[in-house]
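K.L.:
Residue numbers (the working numbering): 106 to 331.
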């Protein structure tokens, strides 16, 4: 099972690293799931972290993965093992928790479910490393020192890389993606709640394309070197 988990996590980590940005989505109505997924796929970013903050999350994940089988859809803001089970049953390819919850992490590790727990302190990173995890969420990124803190945490834990989320946007994306300890960033600026509620999926598609272009521009200018 441990070997299976390692392969799954590596595959998911490689995919999100390739995207550079993972849209963090809050869906209040499952009817918006398929058109949103279509907009992301058309915009060149076939991935999403659907947060379990709403009742529509589970069904939204199910709809998105069924409509777009090749899309990488994960569940975010997962706070209980019961939510892990619901998300996995709905088709979630990975789990993201805002903090380091040993029960959730161990539950996912034992079942070979890719898990990216939030870690902002050396103690949390140490616990993750003990469990064989090498890609961790860093949340809330801006409020906890951003790139400077990520570099400091990485110094004693050289094998670990981070997925910063929280306050990441088009304006500061370069500073994060230019850090070699950042795998990708989680962001919601291209999938804002008001755009989803208004049904402005063409605009979401356009902003997604812009995000993809920005990632390519940053990496083309020598990103991941600092």
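Each residue gets a CB set at the ideal place from its N, CA and C atoms; glycine is no exception.
(1) Can you tell me which of 298, 306, 263 puts its alpha carbon nearest to the alpha carbon of residue 287?
(2) Below 7 Å CB to CB, which residues in the same chain sit around residue 314 once its five sequence neighbours on both sides are set aside?
(3) Could you tell me which residues DSSP pairs with residue 153 in its beta bridges?
(4) Which residues share a DSSP beta bridge with residue 240?
(5) In whole angstroms, give me the CA-to-CA distance for residue 236 and residue 303.
(6) Compare the C-alpha of residue 62 against each of 203, 159, 158, 172 and name the closest.
(7) Since residue 291 is in the beta strand (DSSP E), which residue starts that stretch and which ends it?
(8) For residue 116, which residues from the same chain have a beta carbon less than 7 Å from its beta carbon, with the 5 sequence-adjacent residues on both sides left out?
(9) Provide the residue span of the beta strand (DSSP E) that contains residue 221, from first to last.
(10) Where residue 319 and residue 275 are concerned, what is the direct C-alpha to C-alpha distance, given to the nearest angstrom?
(11) Which one of 185, 158, 194 has the shortest CA to CA distance from residue 205?
(12) Per DSSP, what are the beta-bridge partners of residue 202 in this structure?
(13) Can you say whether residue 109 is buried or exposed, counting buried as having 16 or more other CB atoms within 10 angstroms of its CB?
(14) Is the beta carbon of residue 125 less than 8 Å from the beta carbon of residue 324?
(15) Just list the residues that DSSP pairs residue 128 with in beta bridges.
(16) Applying the 10 Å Cβ sphere with the 16-neighbour rule, what's the burial state of residue 181?
(17) Determine the extent of the alpha helix (DSSP H) in which residue 163 is found, giving its start and end residues.
(18) Check whether the Cβ atoms of residue 169 and residue 178 sit closer than 8 Å, and answer yes or no.
(19) Relative to the C-alpha of residue 296, which candidate in 119, 191, 137, 120 has its C-alpha closest?
(20) In three-state DSSP terms, what is residue 114?
P.N.:
By the coordinates alone:
(1) The shortest C-alpha separation from residue 287 is found at 263.
(2) 148, 149.
(3) Here residue 153 is bridged, per DSSP, to 178.
(4) Note: residue 240 sits in a beta bridge opposite 266.
(5) Going from the Cα of residue 236 to the Cα of residue 303 covers about 43 Å.
(6) Residue numbering for the chain in the displayed model covers 106 to 331; residue 62 lies beyond these limits and cannot be assessed.
(7) That run of the beta strand (DSSP E) goes 290-292.
(8) Once the five neighbours on either side are set aside, residue 116 has no close Cβ partner at all.
(9) First-last of the beta strand (DSSP E) with residue 221: 220-222.
(10) A direct Cα-Cα distance of roughly 8 Å separates residue 319 from residue 275.
(11) Residue 205 has its Cα closest to that of 185, out of 185, 158, 194.
(12) According to DSSP, residue pairing for residue 202 in a beta bridge involves 222.
(13) Low per-residue confidence applies at residue 109: pLDDT is 43, beneath 50, and the placement is therefore not dependable, though the value from the model is reported in the following sentence. So residue 109 ends up on the exposed side.
(14) Against a cut-off of 8 Å, the Cβ pair of residue 324 and residue 125 comes out as a contact.
(15) Partner(s): 292.
(16) Buried, since its Cβ has 16 or more Cβ neighbours within 10 Å.
(17) Where residue 163 is concerned, the enclosing alpha helix (DSSP H) stretches over 162-172.
(18) Their beta carbons are under 8 Å apart, which means residue 169 touches residue 178 by this criterion.
(19) Nearest of 119, 191, 137, 120 to residue 296, Cα basis: 137.
(20) Helix, per DSSP.
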